[in-house]
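Its first residue numbered 36, the sequence shown is counted upward by one per residue in our numbering.
Worksheet: the structure to be examined is printed underneath.
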Amino acid sequence: MKIGAFALIFNSQQEVLISLRNDFNLWNLPGGGVEPREHRYVLVENIPENFSPNQKERIIDGLEGGVVLKEQSQSTITQELRQKVMIDKKFIYAIIGASNNPEKYGHKVMRDLLDGGYEVIPINPKDGEILGQKAYATIAEVPEKVDVAIMIVPSEIGLQVLPQIKEKGINKVWFQPGSESEEQIAYCKENNIQYVAGACIMIKRKEQ
């Protein structure tokens, strides 16, 4: 199975210009091509007025329009920008802690994303189906490629799940409020996993 890399192109106003998965190592960014499992953040400055995302090959190569490309470290990427990147209807979301109980946030978040037209896979070891979607006991059992894991479980459980997320090649994790911990954030940083913490995806997706 090919494990895609991820590259993000944004401008100095923190506006996302291009956010694409690169499965074939075709992007020529500062520092060389993007390797599997690698993330590359690039700031685009001096953008021509007629810039279009359709020009991405020329912009990325930095050959036209006086464009300057600067590679950024993950620590410089704001939480707001990460939130924008992780909310995309092209993505498949796995909800860790999905629930059939309407009172639980594992149910509310899943319902909200389904109502919004997002593709969602529930992860719950006790239920075989949630909101009409086949549920899996663990993230490792999901046959599909998953782009974003949404954590809605206690932090001690989440810390056990993160290695499974890494093993499956998922490089984006959204911690719903109350599910995050310093240990989990440290794990994400050490393993080059993009993360959002302290923000509710139900609220943020409506702000997009």
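Built from N, CA and C at the ideal position, the CB exists for glycine as well.
Remember, it's a predicted structure, so these values are computed and weren't measured experimentally.
Work out the CA separation of Leu197 and Glu225 for me, nearest whole Å. Indexing the sequence shown from 1 puts residue 225 at position 190. Indexing the sequence shown from 1 puts residue 197 at position 162. Those two C-alpha atoms are separated by around 12 Å.
What do you get for Pro157, buried or exposed, if any count of 16 or more other CB atoms within 10 angstroms of its CB means buried? Locating residue 157 in the sequence shown gives position 122, where the first residue counts as 1. The residue is buried, with at least 16 neighbouring Cβ atoms inside 10 Å.
How should Asp96 be labelled, buried or exposed, when 16 other C-beta atoms within 10 angstroms of its C-beta is the threshold for buried? If you number the sequence shown from 1, residue 96 lands on position 61. Only weak support is given to the placement of Asp96: the predicted model assigns it a pLDDT of 44, under 50, and the question is left unresolved by the model.
May I have the straight-line CA-CA distance separating Lys180 from Lys241, to the nearest angstrom? Reading the sequence shown from its first residue, position 145 is the one you call residue 180. Reading the sequence shown from its first residue, position 206 is the one you call residue 241. Taking the straight line joining both Cα atoms gives about 25 Å.
Pair every Cβ in the stretch 159 to 176 with every Cβ in the stretch 112 to 128, then say whether three or more of these pairs are closer than 8 Å. no
Cα-Cα separation between Glu138 and Ala221, rounded to whole angstroms: Stepping through the sequence shown from its first residue, residue 138 is reached at position 103. Stepping through the sequence shown from its first residue, residue 221 is reached at position 186. Distance between the alpha carbons of Glu138 and Ala221 is about 31 Å.
Just checking my contact of Val117 with Gln229 at CB under 8 Å: how many whole Å lie between their CB atoms? For the purposes of this step, residue 117 is taken as the residue at position 82 of the sequence shown. For the purposes of this step, residue 229 is taken as the residue at position 194 of the sequence shown. Position check: residue 117 holds Arg in this sequence, whereas Val was assumed. With 8 Å as the limit, Arg117 and Gln229 qualify as a contact, their Cβ atoms being about 6 Å apart.
Might you give, ordered along the chain, the residues of its own chain that have their beta carbon closer than 6 Å to the beta carbon of Gly132, omitting 5 neighbours on each side? Residue mapping note: residue 132 aligns to position 97 of the sequence shown, counting from 1. So the list reads Gly141, Ile187 and Val188, once near-sequence residues are dropped.
Collapsed DSSP secondary structure at Pro198 in the structure displayed: Numbered from 1 along the sequence shown, position 163 holds the residue referred to as residue 198. DSSP places Pro198 in helix when its eight states are reduced to three.
Going by other Cβ atoms of all chains shown within 10 Å of its Cβ, with 16 needed for buried, is Ala129 buried or exposed? As a first step, residue 129 must be located in the sequence shown, where it is residue number 94. Flag for Ala129 reads buried.
Closest Cα partner of Lys143 within the set Gln211, Ser216 and Val231: For the purposes of this step, residue 143 is identified with residue 108 of the sequence shown, where counting begins at 1. Answer by Cα proximity: Gln211.
In terms of residues, what are the limits of the alpha helix (DSSP H) holding Glu294? What is shown of the chain runs 36 to 243, which leaves residue 294 out entirely.
Can you check the stretch 162 to 188 for any alpha helix (DSSP H) of at least 4 residues that lies completely inside it and give the ranges in chain order? none
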